[in-house]
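Data first, discussion second: the structure below is written as structure tokens.
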Amino acid sequence: MRALSYPLVGTAVLALLAPGPVRGDDRGVVGGQAVSSADAPWAVALASRDRFGPMRSGQFCGGALVGRTTVVTAAHCLSREVLGGDPSDVKDLRVIVGRTDLRTRQGSELPPKSIWVNPGFDPETNAGDVAVITLSTPVPENYPIAMAQPGDGAYAPGTSAGVYGWGDTIGNGNYADGLRASQVFVLEDEQCRRVYPGGQEAVYQPSSMLCAGVLQGGRDACQGDSGGPLVAEGRLVGLVSWGSGCALPQHPGVYTRISAVAALVQQHSAENLSRPPVVNPQPAAPPAAVAPPQAPPPAVVPPAPPQTAAQGPPQPPAQAQVAQQPQGAQPPGKAP
Numbered sequence: 001m002r003a004l005s006y007p008l009v010g011t012a013v014l015a016l017l018a019p020g021p022v023r024g025d026d027r028g029v030v031g032g033q034a035v036s037s038a039d040a041p042w043a044v045a046l047a048s049r050d051r052f053g054p055m056r057s058g059q060f061c062g063g064a065l066v067g068r069t070t071v072v073t074a075a076h077c078l079s080r081e082v083l084g085g086d087p088s089d090v091k092d093l094r095v096i097v098g099r100t101d102l103r104t105r106q107g108s109e110l111p112p113k114s115i116w117v118n119p120g121f122d123p124e125t126n127a128g129d130v131a132v133i134t135l136s137t138p139v140p141e142n143y144p145i146a147m148a149q150p151g152d153g154a155y156a157p158g159t160s161a162g163v164y165g166w167g168d169t170i171g172n173g174n175y176a177d178g179l180r181a182s183q184v185f186v187l188e189d190e191q192c193r194r195v196y197p198g199g200q201e202a203v204y205q206p207s208s209m210l211c212a213g214v215l216q217g218g219r220d221a222c223q224g225d226s227g228g229p230l231v232a233e234g235r236l237v238g239l240v241s242w243g244s245g246c247a248l249p250q251h252p253g254v255y256t257r258i259s260a261v262a263a264l265v266q267q268h269s270a271e272n273l274s275r276p277p278v279v280n281p282q283p284a285a286p287p288a289a290v291a292p293p294q295a296p297p298p299a300v301v302p303p304a305p306p307q308t309a310a311q312g313p314p315q316p317p318a319q320a321q322v323a324q325q326p327q328g329a330q331p332p333g334k335a336p
């Protein structure tokens with residue numbers, strides 16, 4: 001997933017695969033498989049060609065639509081360490097909706113109307129890793145996914161879940177062009193406490209974090225997947241936040257527990273998120289896209305922030321360790 005310091009930048013896609021390590025040549029999540037945005041319309045990409053280069057639409061993190069104008073993502077994706085400045089300084093920041101392949105102009109590129117980054121986010125522990133982006137244009141009513149609430153049965157250990165994204169597929173900078181997904185399982189909190197007790201790695205805090213993965217390794221989110229959705233039983237249960245490496249045995253990924261931040265998200269949303277989203281297997285056409293520049297300006301690589309114990313050089317919000325991406329800054333990688 002990510003390195004132990006910062007959440008993974010990029011998205012990880014949900015794929016219902018057979019148990020056990022899975023490897024392949026074309027994945028966007030470690031151990032994943034291709035998924036269409038039509039089947040996961042709530043999975044979005046955060047992008048800036050100016051900061052991360054024109055390749056792959058400038059994608060650096062993931063997010064999830066929980067309302068027609070409300071996107072949730074990881075707070076670390078919008079940090080100075082990742083963007084090289086405040087989000088307001090990134091004039092071409094866009095939320096890409098309905099685009100399976102980042103090399104195309106499919107779907108829409110929507111500018112944010114406002115951005116709220118949780119002031120309680122602790123970059124040392126990764127607690128409170130959530131941010132809310134309000135879109136300037138609403139998406140179709142059948143795009144959003146419902147957020148899991150406290151007490152939701154989807155958090156039961158052993159529950160199958162899917163992580164979605166366009167991030168690193170094998171942990172060496174091999175970023176996916178298309179949306180990918182990988183099947184993981186919700187794990188016991190005690191398992192993650194033993195894996196991440198503190199010290200050189202971050203401390204797992206079950207009150208605000210969720211642990212999911214495959215203990216034998218082989219499936220996980222990775223660099224460039226930070227802020228992306230973890231979905232179980234049709235509900236958003238987590239956001240890619242941090243972890244140790246990508247898909248390593250006995251080192252599952254750690255996600256922001258959505259039920260712990262759902263009230264905060266509602267508080268900073270311009271709409272009522274309590275109404276169940278419309279379910280439609282064939283989503284309507286996305287809103288009018290903001291046309292990407294015909295000739296994107298040269299990529300500007302943000303200054304590299306100091307390395308943390310669990311994360312490598314500053315990358316777009318994703319798991320701590322992020323491999324370099326061509327023509328621009330790298331998407332954040334996972335990290336505790």
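The sequence shown: position 145 = 145 (UniProt numbering), numbered continuously. Glycine included, each C-beta is placed from N, C-alpha and C at the ideal position.
- Less than 8 Å divides the Cβ of V72 from the Cβ of L239.
- The alpha carbon of H251 has as its nearest neighbour, out of V195, L179, P54 and A45, the alpha carbon of V195.
- A direct Cα-to-Cα measurement between V163 and P111 gives close to 25 Å.
- Note on geometry: alpha-carbon atoms of P157 and L215 lie some 13 Å from one another.
- Between H268 and the set Y155, P119 and R56, the nearest pair of CA atoms involves P119.
- The alpha carbon of T137 has as its nearest neighbour, out of V82, R94 and E201, the alpha carbon of R94.
- Annotation: M209 to V203 spans about 10 Å, alpha carbon to alpha carbon.
- For G63, the closest C-alpha among the options G243, G224 and A263 is that of G224.
- Between the alpha carbons of Q59 and D39 lies a gap of roughly 20 Å.
- Distance between S88 and L102, taken at the CA atoms: about 24 Å.
- Residue range R80 to L83 is occupied by the alpha helix (DSSP H) that includes R80.
- For G67, the closest of T134, V90, Q106 and G213 by C-alpha to C-alpha distance is T134.
- Taking the Cα of R49 as reference, the smallest distance to any Cα among E109, E81 and A74 is reached at E109.
- Apart from the 5 residues on each side of it in sequence, D92 sits with its Cβ closer than 7 Å to the Cβ of S48, R49 and D50 in its chain, given in chain order.
- Beta bridge pairing from DSSP links G165 with R180.
- Ranked by how close their Cα comes to the Cα of P54, the residues D177, R235 and T256 have D177 in first place.
- Annotation: the continuous alpha helix (DSSP H) that includes V265 extends over I258 to Q267.
- For R257, same chain residues with a beta-carbon under 7 Å away, outside a window of 5 residues either side, are S208, M209, L210 and G238 in chain order.
- For R235, same chain residues with a beta-carbon under 6 Å away, outside a window of 5 residues either side, are A146, A148 and A154 in chain order.
- V117: member of the beta strand (DSSP E) spanning P112 to V117, first to last residue.
- In this chain, the beta strand (DSSP E) harbouring R235 covers R235 to W242.
- No Cβ-Cβ contact shorter than 8 Å links P249 with G198.
- In the structure shown, D50 falls within a helical segment according to DSSP collapsed to helix, strand and coil.
- Distance between A34 and D86, taken at the CA atoms: about 33 Å.
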